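Written out below as structure tokens is the structure these notes cover.
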Amino acid sequence: MATSKGANTYNRLNWEESEFPVLCQTCLGDNPYIRMTKERFGKECKICSRPFTVFRWCPGSRMRFKKTEVCQTCSKQKNVCQTCLLDLEYGLPVQVRDYALNMKDEIPKSEVNREYYSQNMEREIANSEGNQPFGALSKANAPSDLLMKLARTTPYYKRNRPHICSFWVKGECKRGEECPYRHEKPTDPDDPLADQNIKDRYFGANDPVADKLLRRASTMPKLEPPEDKTITTLYVGNLGERIIEKDLRDHFYQYGEVRSITLLNKQQCAFIQFTTRQAAESAAEKAFNKLILNGRRLTIKWGRSQAKVSSGGSKESEHKNLEPVPGLPEALPAPSEELANNYFNLTPTPAVLPSAAALPPAPPLPPYPPPHMPMIPGPPPLGLGFPLPPPPPLQFMPRTTPLQPPPGIMPPGLRPPGSYPPPIPGQAQSKPSTSTEENATSSKPTIHYPSQDPQRMGSSGALSKA
Numbered sequence: 001m002a003t004s005k006g007a008n009t010y011n012r013l014n015w016e017e018s019e020f021p022v023l024c025q026t027c028l029g030d031n032p033y034i035r036m037t038k039e040r041f042g043k044e045c046k047i048c049s050r051p052f053t054v055f056r057w058c059p060g061s062r063m064r065f066k067k068t069e070v071c072q073t074c075s076k077q078k079n080v081c082q083t084c085l086l087d088l089e090y091g092l093p094v095q096v097r098d099y100a101l102n103m104k105d106e107i108p109k110s111e112v113n114r115e116y117y118s119q120n121m122e123r124e125i126a127n128s129e130g131n132q133p134f135g136a137l138s139k140a141n142a143p144s145d146l147l148m149k150l151a152r153t154t155p156y157y158k159r160n161r162p163h164i165c166s167f168w169v170k171g172e173c174k175r176g177e178e179c180p181y182r183h184e185k186p187t188d189p190d191d192p193l194a195d196q197n198i199k200d201r202y203f204g205a206n207d208p209v210a211d212k213l214l215r216r217a218s219t220m221p222k223l224e225p226p227e228d229k230t231i232t233t234l235y236v237g238n239l240g241e242r243i244i245e246k247d248l249r250d251h252f253y254q255y256g257e258v259r260s261i262t263l264l265n266k267q268q269c270a271f272i273q274f275t276t277r278q279a280a281e282s283a284a285e286k287a288f289n290k291l292i293l294n295g296r297r298l299t300i301k302w303g304r305s306q307a308k309v310s311s312g313g314s315k316e317s318e319h320k321n322l323e324p325v326p327g328l329p330e331a332l333p334a335p336s337e338e339l340a341n342n343y344f345n346l347t348p349t350p351a352v353l354p355s356a357a358a359l360p361p362a363p364p365l366p367p368y369p370p371p372h373m374p375m376i377p378g379p380p381p382l383g384l385g386f387p388l389p390p391p392p393p394l395q396f397m398p399r400t401t402p403l404q405p406p407p408g409i410m411p412p413g414l415r416p417p418g419s420y421p422p423p424i425p426g427q428a429q430s431k432p433s434t435s436t437e438e439n440a441t442s443s444k445p446t447i448h449y450p451s452q453d454p455q456r457m458g459s460s461g462a463l464s465k466a
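Residues 1 to 466, numbered by full-length UniProt numbering, are exactly what the sequence shown covers, in order.
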């Protein structure tokens, strides 16, 4: 038997030849001007082992080249992409889709039975229009809530990134930025997602990606209705610019009568108020995390009045106990009443004030004279004819020796203490002080600052003497 593809005619009728692949939007890429190569009978299908037409293309810049992995017959049987083997409608693995639809598709796994089954499916596909699912998928129930919650409606182009450069991981890559592979650290080899099999993905058994999605679905939050039974308003977010009020009314009218719809275009949200609480609960339960309008997944929450939100938030903020910050000192005890206003920790001393008995009473003011009589002068005002109270005693600081510069070092323009000022031109020099003057100066208070020395030039004492 000839071994070349051109000379080998054994079962050539079952070989598949196609003009365009069956792909999802993610694998096809975001470039509308894509270039794709086509090779007739270039590879055998990884599921049925029959030769088929292989397509190869690059989804975009800085992406890896992709190619079809299974034939179109196997792809249409499961309604999956020829490259990633994910569902074309929901973007989920086959195991998740079959679990959500309660569907079991038994495909023969032996070579002879699988070939016979593929021939029957090809005949069924050829006799149909090609836009409807085949096999057990055509008899499945309507999409379930789990399927709508987990469905991926937007492309995920990160899946097309190039593989990790093994030379860069070893530290031996010399291409730098020109390397077509990723320069990143690999994931943990013990991660179950690192070990995937294309046949397990196609038949929906032992798929680690499907197990991860099913675990996430079991822990997804649920929308609990509020305790206030008067609330019949739902909040709808992530509307975008294409969704209008008519689209919301047409969808939510199936749950009950809609009283009003308030659409906020700037915030891209809306508030839908129902006439009954039962209709609002039914809409919230059936639309939470599974409502898709015009290709956008909408956010559903319960709405509350603005007054209740503000009042509830203020009460929570008043009685909310915050966690203490570790490492900070504890709060200081409250000061006593005596030290409440003592900010500098000074010893409280009673103020020395003259008593009221020491002050003579002020004389009464004389009455005003008539207009025709002259003004009689009265007694002198307080402080001129009457003695003033004695001043408080002066408290001086203890005598201390003023700081002096080191001997032999004197700043320019500064005279040593005790020296006389230079004579002023045109005036007689002042006489030296006598012993009586020394006694008088000794009784004066101590000089603490140079500006208090009357012997220095520029002080008030020197100017008065001059």
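Ideal placement from N, C-alpha and C gives every residue a C-beta, glycine not left out. Since the structure is predicted, the reported quantities are computational estimates derived from the model, not experimental observations.
{"query": "State buried or exposed for Gly171, treating a residue as buried only when at least 16 other CB atoms are found within 10 Å of its CB.", "result": "exposed"}
{"query": "Just list the beta strand (DSSP E) runs in the segment 29-55, keeping only unbroken ones of 3 residues or longer that don't cross its boundaries, in chain order.", "result": "36-44"}
{"query": "Quick one: grab the DSSP three-state call for Asp87.", "result": "strand"}
{"query": "What's the call for Ser110, buried or exposed, on a 16-neighbour Cβ count within 10 Å?", "result": "exposed"}
{"query": "Grab the span of the alpha helix (DSSP H) containing Ala100 for me, first residue to last.", "result": "94-101"}
{"query": "Drop a sphere of 10 angstroms on the beta-carbon of Gln95, count the other beta-carbons inside from all chains shown, and report buried for 16 or more, exposed for fewer.", "result": "buried"}
{"query": "Would you say the segment 153-173 touches the segment 17-31, given that touching needs at least three Cβ pairs under 8 Å?", "result": "yes"}
{"query": "So Arg64 packs on Pro162, CB below 8 Å; how close in whole Å?", "result": "4 Å"}
{"query": "Once you ignore the five residues that flank Arg215 on each side, which residues in its own chain have a CB closer than 8 Å to its CB?", "result": "none"}
{"query": "Over the uninterrupted alpha helix (DSSP H) stretch that includes Ser218, give me the two end residues.", "result": "208-218"}
{"query": "Could you check how far apart the C-beta atoms of Leu101 and Pro93 are, in whole angstroms? I think they sit under 8 Å.", "result": "Contact flag wrong, Cβ pair sits at about 13 Å."}
{"query": "Quick check on the DSSP output: the alpha helix (DSSP H) that includes Gln73 runs from which residue to which?", "result": "Sequence inspection shows Thr at residue 73; the Gln mentioned does not correspond to that position. Where Thr73 is concerned, the enclosing alpha helix (DSSP H) stretches over 72-78."}
{"query": "Pop quiz: Leu322 and Ala284 are said to be a contact at Cβ under 8 Å. What is the actual Cβ separation, rounded to whole angstroms?", "result": "Wrong, their Cβ atoms sit about 33 Å apart, outside the cutoff."}
{"query": "Who are the Cβ neighbours of Lys38 in its own chain at under 7 Å, not counting the five residues just before and after it?", "result": "Thr53, Phe55"}
{"query": "Could you tell me whether the segment 252-270 touches the segment 170-188, using the rule of 3 or more Cβ pairs below 8 Å?", "result": "no"}
{"query": "When DSSP labels each residue in this structure, what does Ser314 get in the three-state scheme?", "result": "Confidence at Ser314 is low in this model, with a pLDDT of 49, below 50, so the placement of that residue is unreliable and no value is reported for it."}
{"query": "Of all the options Glu241, Cys173, Glu337, Asp145, which has the alpha carbon lying nearest to the alpha carbon of Ala270?", "result": "Glu241"}
{"query": "If I measure Cβ to Cβ from Asp200 and keep anything under 7 Å in the same chain, skipping five residues before and after, which residues do I get?", "result": "Asn206, Asp207"}
{"query": "Could you tell me how far apart the beta carbons of Tyr235 and Lys78 are, in whole angstroms, since I believe they sit closer than 8 Å?", "result": "Actually they are not in contact, since the Cβ atoms of Tyr235 and Lys78 sit about 38 Å apart, beyond 8 Å."}
{"query": "With 16 other CB atoms within 10 Å as the buried threshold, where does Thr262 fall?", "result": "exposed"}
{"query": "Helix, strand or coil, according to DSSP, for Arg159 in the structure here?", "result": "helix"}
{"query": "If you drop the 5 nearest sequence neighbours on each side, which residues of the same chain put their C-beta closer than 6 Å to that of Ile198?", "result": "Lys46"}
{"query": "Report buried or exposed for Tyr99, applying the criterion of at least 16 other Cβ atoms within 10 angstroms of its Cβ.", "result": "buried"}
{"query": "Could you pull the start and end residues of the beta strand (DSSP E) that Ala270 belongs to?", "result": "269-274"}
{"query": "Since Ala225 and Trp302 should fall inside the 8 Å C-beta cutoff, what is the C-beta to C-beta distance between them, to a whole number of angstroms?", "result": "It should be noted that the sequence gives Pro, not Ala, for residue 225. The Cβ separation is near 7 Å, so the contact holds."}
{"query": "Candidates Asp228, Glu106, Phe20: which alpha carbon is nearest Met36's?", "result": "Phe20"}
{"query": "With DSSP collapsed to three states, give me the class of Gly237.", "result": "strand"}
{"query": "Looking at the secondary structure, which residues open and close the alpha helix (DSSP H) in which Leu328 lies?", "result": "Unbroken run through Leu328: none, as it is neither H nor E."}
{"query": "Tell me, which residues are paired with Val258 by DSSP?", "result": "Phe274"}
{"query": "Going by DSSP in three states, Trp168 sits in which element: helix, strand or coil?", "result": "helix"}
{"query": "What is the DSSP secondary structure of Lys301, counted as helix, strand or coil?", "result": "strand"}
{"query": "So Met148 and Lys290 are in contact, right, with Cβ under 8 Å, and what is the actual spacing, rounded?", "result": "3 Å"}
{"query": "Can you check DSSP and say which residues form a bridge with Ile292?", "result": "Arg297"}
{"query": "Bridge partners for Trp57 per DSSP, in chain order?", "result": "Met36, Lys66"}
{"query": "Output needed for Ile244: all residues of its chain with C-beta closer than 8 Å, excluding positions within five of it in sequence on either side, in chain order.", "result": "Leu263"}
{"query": "Distance, Cα to Cα, Cys71 vs Asn294?", "result": "32 Å"}
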